[in-house]
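A short worksheet on the structure shown next.
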Amino acid sequence: MPGITREEVAHLARLARLELKAEELDHFAGQLDDIIGAVARVAEVADRDVPPTSHPLPLTNVMRADEVRPSLTSEQALSCAPAQEQQRFKVPQILGED
Amino acid sequence: MTDSPIIKLTAAEIAARIASGALTAVEVTEAHLARIEAVDEKVHAFLHIDREGALAQARAVDEKRERGETLGPLAGVPLALKDIFTTAGIPTTVGSKILEGWIPPYDATLTRRLKEADVVILGKTNMDEFAMGSSTENSAYGPTGNPWDLTRIPGGSGGGSSAALASYEAPLAIGTDTGGSIRQPAAVTGTVGVKPTYGAVSRYGMVAFSSSLDQGGPCARTVLDAALLHEVIAGHDPLDSTSIDAPVPPVVEAARNGSVEGMRVGVVRQFRGEGYQAGVVQRFDESVRLLKELGAEIVELDCPSFDLALSAYYLIAPSECSSNLARFDGLRYGLRVGDDGTRSAEDVTSLTREEGFGDEVKRRIMLGTYALSSGYYDAYYGSAQKVRTLIKQDFERAFEQVDVIVSPTTPTTAFPIGERADDPMAMYLADLCTIPTNLAGNAAMSLPCGLAPEDGLPVGLQIIAPAMKDERLYRVGAAVEAAFVARWGHPLLEEAPSL
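So the sequences go chain by chain: C and G.
Under full-length UniProt numbering, residues 1 to 98 are what the first sequence spells out, in order.
Under full-length UniProt numbering, residues 1 to 499 are what the second sequence spells out, in order.
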């Protein structure tokens with residue numbers, strides 16, 4: 001398995017929406033490399049005929065009747081919003097100006 | 001100030017005295033609030049204390065009793081609630097700066113059940129940020145001290161809950177266990193902690209870290225108290241699709257009838273070896289001898305896949321966390337950083353997450369992002385899921401031969417605060433014995449089995465049962481507890497230094 005480079009950490013941070021500082025990139029690159037090195041042993045069983053388990057319980061989709069029920073008021077839902085306007089969440093621009 | 005003798009009572013004793021009128025719920029709540037005021041500056045078990053709310057709940061219990069209404073089994077008993085469960089009108093931070101000051105508009109199902117059972121919620125306890133850690137040092141609000149030695153860790157992520165119990169600030173607490181966060185803190189503080197079967201306690205309103213592993217459960221100073229709390233919080237919840245729709249096992253009855261007579265108890269070879277402290281192994285071996293004296297048959301077991309459990313866990317948990325924590329984007333609630341009118345939502349989200357998350361959370365998000373990324377998915381996340389299957393099969397084979405498995409809960413006693421802070425792999429080893437159970441979804445308990453001779457700190461005995469057989473934990477736990485307390489002449493916690 002390849003080691004994790006500083007550039008790879010920068011790429012992962014972008015994917016994970018974390019604006020890491022330069023010193024964090026160095027710090028995490030070493031640590032992530034150590035951790036991945038230690039846990040990579042799981043791949044030793046990968047080619048064996050073992051079914052994967054994603055969840056301890058067999059899960060089935062749970063449906064409920066589609067009926068109107070009491071829920072949070074818009075005031076309650078917006079009560080923790082960092083910014084709001086006209087009973088809506090106010091968010092920074094999604095699309096660029098160009 | 002002299003502490004009220006009320007704080008040394010068990011939850012069962014408090015409930016009985018309130019029911020008989022020997023004590024009022026207000027007296028009990030005031031005694032614990034006074035204890036919190038006296039010692040919590042040193043211990044830092046709590047992030048938020050709801051003085052007024054607790055007293056109002058207590059007054060309601062007293063009025064109910066005066067009206068002659070039937071009281072629940074834990075009515076009026078104070079409880080310390082891990083800050084991972086939402087509480088309407090009371091801050092919920094998950095130990096993170098990203099939720100500083102957040103006041104949820106709704107109660108978690110567990111919170112609601114506690115309130116309906118007339119349990120008095122004293123406040124919210126300190127924890128590793130988003131329940132990631134084994135020491136409570138990752139809290140954005142500062143570490144919690146272990147009441148046995150305030151320079152040492154109280155375990156994590158539920159260190160606040162276990163420290164509140166061990167410092168007599170509350171007789172009951174709630175924790176959550178993703179890789180051992182109820183059992184490991186219980187072990188290092190000399191208290192009792194139970195991870196119920198996965199799906200036994202609703203996860204609705206519990207801030208998700210790793211959804212296929214997270215499990216809420218009871219923390220207490222005695223096995224019976226844990227059982228009483230277990231019955232209050234467990235049971236099917238239609239709001240949680242992973243909640244088990246089956247009757248709650250008879251845990252209280254089991255805790256009242258402790259016995260190991262004729263039981264087959266497994267000892268797993270993989271739960272010892274390098275990294276285990278000598279005093280921990282010594283106390284564990286004594287516990288196995290005790291079980292034998294009490295009439296159990298000891299069976300040696302081999303569970304070879306347990307050697308890979310830690311590795312599988314540190315791929316699965318971060319993968320699920322990287323996905324679960326994507327909701328913390330600074331748009332609808334919590335912190336928002338850098339919104340100056342010129343930045344895009346994506347930039348604001350990145351700046352918010354950088355500012356709001358601590359190191360361990362960032363480390364796991366990136367680890368998960370890596371393990372799930374194209375090209376590495378099969379080698380890491382996919383392989384970890386196969387290991388999970390092998391661990392489940394090891395448990396299934398083991399439980400064909402034995403009724404329960406026992407092991408040390410942790411390989412060492414409480415380590416000094418700061419000792420493992422810069423070495424994530426060393427920190428992760430704290431959960432070596434607890435993680436296989438989370439991966440398989442079965443039930444486990446930790447209870448005190450003595451002090452390690454070399455440092456005088458508590459050692460935990462772990463009992464593991466098959467899924468849906470939680471009552472076995474309580475039957476065995478109660479027998480072991482009774483035998484140990486008889487041998488010591490008092491509960492282990494009485495040997496802790498006074499604060």
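The C-beta atom is built at its ideal place from N, Cα and C for all residues, glycine as well.
Separation of CYS303(G) and PRO82(C) (C-alpha to C-alpha, rounded to the nearest whole angstrom) is 50 angstroms. Proximity of SER322(G) to chain C, defined by a Cβ-Cβ separation below 8 angstroms, is satisfied. In this structure, the CA atom of ILE182(G) is about 11 angstroms from the CA atom of ASN438(G). For GLY258(G), DSSP records no beta bridge to any residue. With contacts defined by Cβ atoms closer than 8 angstroms, PHE209(G) and ASN324(G) form a contacting pair. Straight across, the Cα-Cα distance linking ILE298(G) with ARG51(G) is about 49 angstroms. HIS230(G) is classed as buried because its beta carbon has at least 16 other beta carbons within 10 Å across all chains shown. Contact between the region 33-44 of chain G and the region 202-219 of chain G is absent: fewer than three C-beta pairs spanning the two stretches fall below 8 angstroms.
Ranking SER211(G), PRO171(G), HIS236(G), ALA186(G) by CA distance to the CA of ALA200(G) puts HIS236(G) first.
For GLN462(G), no alpha helix (DSSP H) run applies; the uninterrupted beta strand (DSSP E) run containing it begins and ends at 458-465, by DSSP. SER373, ASP378, ALA379, TYR380, GLY382, SER383, ALA384, GLN385, LYS386, VAL387, ARG388, THR389, LEU390: these are the residues of the region 371-391 of chain G whose beta carbon lies less than 8 angstroms from some beta carbon of chain C, given in chain order.
Contact annotation: ALA58(G) and VAL120(G) have beta-carbon atoms nearer than 8 angstroms.
Just so you know, the alpha carbons of ILE90(G) and ILE174(G) end up roughly 16 angstroms apart. By the neighbour-count criterion, in which a residue is buried when 16 or more other Cβ atoms sit within 10 angstroms of its Cβ, LEU473(G) is buried.
Its chain contains GLY72, LEU74, VAL232 as the residues whose beta carbon lies nearer than 6 angstroms to that of ALA117(G), once the 5 sequence neighbours on both sides are disregarded; these appear in chain order. For ASP34(C), the nearest beta carbon of chain G is closer than 8 angstroms to its own beta carbon. The contact set of ARG41(C) on chain G, defined by CB atoms closer than 7 angstroms, consists of LEU308, SER311 in chain order. For a Cβ distance threshold of 9 angstroms, nothing in chain C lies close to GLU129(G): the least Cβ distance comes to about 14 angstroms. Against chain C, the CB of PRO105(G) has a partner CB under 8 angstroms away; the residue lies at that interface. Pairwise C-beta distances place the region 418-427 of chain G in contact with the region 132-146 of chain G, as three or more of them are shorter than 8 angstroms. DSSP places THR125(G) within a strand segment (E or B) once states are collapsed to three. Between LEU331(G) and ALA345(G), the C-beta spacing is below 8 angstroms. With a beta-carbon spacing of about 5 angstroms, ARG364(G) and CYS321(G) fall inside the 8 angstroms limit used to define contacts. Neighbours of MET366(G) across chain C, judged by C-beta separation under 8 angstroms: VAL9, LEU12, ALA13, ALA16, LEU18, PHE28, LEU32. Below 8 angstroms, too few C-beta pairs join the region 337-357 of chain G and the region 396-409 of chain G to call them touching: fewer than three. Under the Cβ distance rule, VAL62(C) counts among the residues neighbouring chain G, one pair being separated by less than 8 angstroms.
Below 8 angstroms, too few C-beta pairs join the region 400-418 of chain G and the region 364-382 of chain G to call them touching: fewer than three. For the region 396-430 of chain G, the beta-carbon criterion of a distance under 7 angstroms to any beta-carbon of chain C is satisfied by PRO424, MET425. Cα atoms of ALA65(C) and LYS469(G): separation of roughly 33 angstroms, rounded to the nearest angstrom. Collapsing the DSSP output to three states places SER498(G) in coil. Check the Cα spacing between PRO105(G) and each of PRO92(C), SER79(C), ILE94(C), GLN93(C): the tightest is with SER79(C). Among the residues of chain G, none has a CB under 9 angstroms from the CB of THR5(C); the nearest is roughly 12 angstroms distant.
The beta strand (DSSP E) runs lying completely inside the region 41-108 of chain G and spanning 3 residues or more are 46-49, 78-82, given in chain order. The three-state secondary structure of MET427(G), taken from DSSP, is helix.
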